[in-house]
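Right, here's the structure in full:
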């Protein structure tokens, strides 16, 4: 079972497609959740997920926007997609018949 | 600094850049790029980078190799260097005290004073030079065999040197209280501060320079590595002989057998090989 941050990371990487790399995933997570996402936490989680076979990472080409620095590109593997789908189903299932009320 | 534009070159950004050097070149490049794209403050960037570096280092230290290098090579050598430096510092302190306490114009005008100084200077400077050479070689070798854990290993080496120094203090004070030079060692500066200054100058500084030298892209060739290892093993034996109480071991530290002279062979060979390499590159 995925953790919350792992799910966020997988979803962000999947939605970004070919443009998924460290900084863009981070921006996506921060804009959706409104919370700060540290580069350290992101890279450590990416390592862990890569070792589990949920994502594949590689060094991309340098771009002028980043001062000619390379990007760590990310792609969600079929195994990662299955894990994310299973997590989403679990969240949907457990949330059924629950109405959150705010005071 | 390379992460942000010039007006944001604060100390924290400089620290971020320094800490990033503990990462692999590829990852460092990617993290620098990500930081350049982000709107993080220096403090946030520093925290992020620290988390990442600490995690990477903890992964490296899970393997036995850095521990083996530290415990089998650098800890014994560090302790040996620390004790030898304390012994040399004690001797240097006596001469320094003699000169400082007696220095006046008439003494400085005396030919006998300068003659005595010329006599004792080699005896004081050569052991310090040998110590510095051994520490420098240890730094180069540490950079070669523990490249990825270099700065943590280096920090542990420094810590160990200082601890060995501090641990030997009470024992040494008891011995020095009854020796002929008790007047020198009664002074807190010569007893406590001077040995630490001596250690910083003769061991920590050369070791740090050696680490930096060993980290440079030009790799140490096999014959040169063999020379450095041979030199450091012979010098370690010589240092051990110097503090030993067994006469048959101690004679190897005394002139004319003194093996400490081999200490200079390592750095000399290293710089000769590097200059030849540079010459060949320039010709090519």
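Residue numbers (my numbering), protein chains in the order written: chain A, 1147 to 1249; chain B, 1365 to 1648.
Just so you know, even glycine gets a beta-carbon here, dropped at the ideal spot from N, CA and C.
All values derive from a computational prediction rather than experimental measurement.
Any idea which residues DSSP pairs residue i with across the strands?
i, result
"residue 1167 of chain A", "A:1219"
"residue 1515 of chain B", "DSSP lists no partner for residue 1515 of chain B."
"residue 1203 of chain A", "A:1220"
What does residue i reach in chain B if we use C-beta pairs closer than 9 Å?
i, result
"residue 1195 of chain A", "By Cβ distance, chain B contributes nothing, its closest Cβ being about 14 Å from residue 1195 of chain A, past 9 Å."
"residue 1168 of chain A", "1394, 1395, 1397, 1398, 1401"
"residue 1172 of chain A", "1398, 1401, 1402"
Can you name the residues of chain A whose CB is closer than 7 Å to the CB of residue i?
i, result
"residue 1393 of chain B", "1215, 1216"
"residue 1416 of chain B", "1185, 1186, 1189, 1190"
Compute the beta-carbon to beta-carbon distance between residue i and residue j, rounded to the nearest angstrom, for a pair I have assumed lies under 8 Å.
i, j, result
"residue 1381 of chain B", "residue 1168 of chain A", "Contact flag wrong, Cβ pair sits at about 18 Å."
"residue 1441 of chain B", "residue 1600 of chain B", "6 Å"
"residue 1572 of chain B", "residue 1453 of chain B", "Wrong, their Cβ atoms sit about 19 Å apart, outside the cutoff."
"residue 1141 of chain A", "residue 1415 of chain B", "The question about residue 1141 of chain A has no answer, for chain A in this structure spans 1147 to 1249."
Reducing DSSP to helix, strand and coil, say where residue i ends up.
i, result
"residue 1241 of chain A", "helix"
"residue 1209 of chain A", "strand"
"residue 1647 of chain B", "helix"
"residue 1147 of chain A", "coil"
"residue 1181 of chain A", "coil"
"residue 1609 of chain B", "coil"
"residue 1152 of chain A", "helix"
"residue 1426 of chain B", "coil"
"residue 1435 of chain B", "helix"
"residue 1193 of chain A", "helix"
"residue 1386 of chain B", "coil"
"residue 1246 of chain A", "coil"
"residue 1393 of chain B", "helix"
"residue 1404 of chain B", "coil"
"residue 1409 of chain B", "helix"
"residue 1468 of chain B", "coil"
"residue 1580 of chain B", "coil"
"residue 1374 of chain B", "coil"
"residue 1574 of chain B", "helix"
"residue 1510 of chain B", "coil"
"residue 1214 of chain A", "coil"
Give a yes or no on whether 7 Å exceeds the smallest Cβ distance from residue i to chain A.
i, result
"residue 1410 of chain B", "no"
Just checking: is the beta-carbon of residue i within a distance shorter than 7 Å of some beta-carbon in chain B?
i, result
"residue 1229 of chain A", "no"
"residue 1147 of chain A", "no"
"residue 1143 of chain A", "Because residue 1143 of chain A is not part of the residues shown, which for chain A are 1147 to 1249, the question remains open."
"residue 1212 of chain A", "yes"
"residue 1202 of chain A", "no"
"residue 1152 of chain A", "no"
Report the neighbours of residue i on chain D: residues whose CB is nearer than 9 Å to its CB, in chain order.
i, result
"residue 1221 of chain A", "Among the chains of the structure shown, chain D does not appear; the protein chains present are A and B."
What residues from chain A crowd round residue i, counting only those whose CB sits closer than 8 Å?
i, result
"residue 1385 of chain B", "None at all; the shortest Cβ gap to chain A is about 15 Å."
"residue 1413 of chain B", "1185, 1186"
Which residues in chain A sit within 9 Å of residue i, going by Cβ to Cβ distance?
i, result
"residue 1419 of chain B", "1186, 1189, 1190, 1193"
Can you pull the chain B neighbours of residue i, defined as C-beta to C-beta under 8 Å?
i, result
"residue 1225 of chain A", "Simply none; closest approach about 23 Å."
"residue 1181 of chain A", "In chain order: nothing, as chain B lies at least about 13 Å away."
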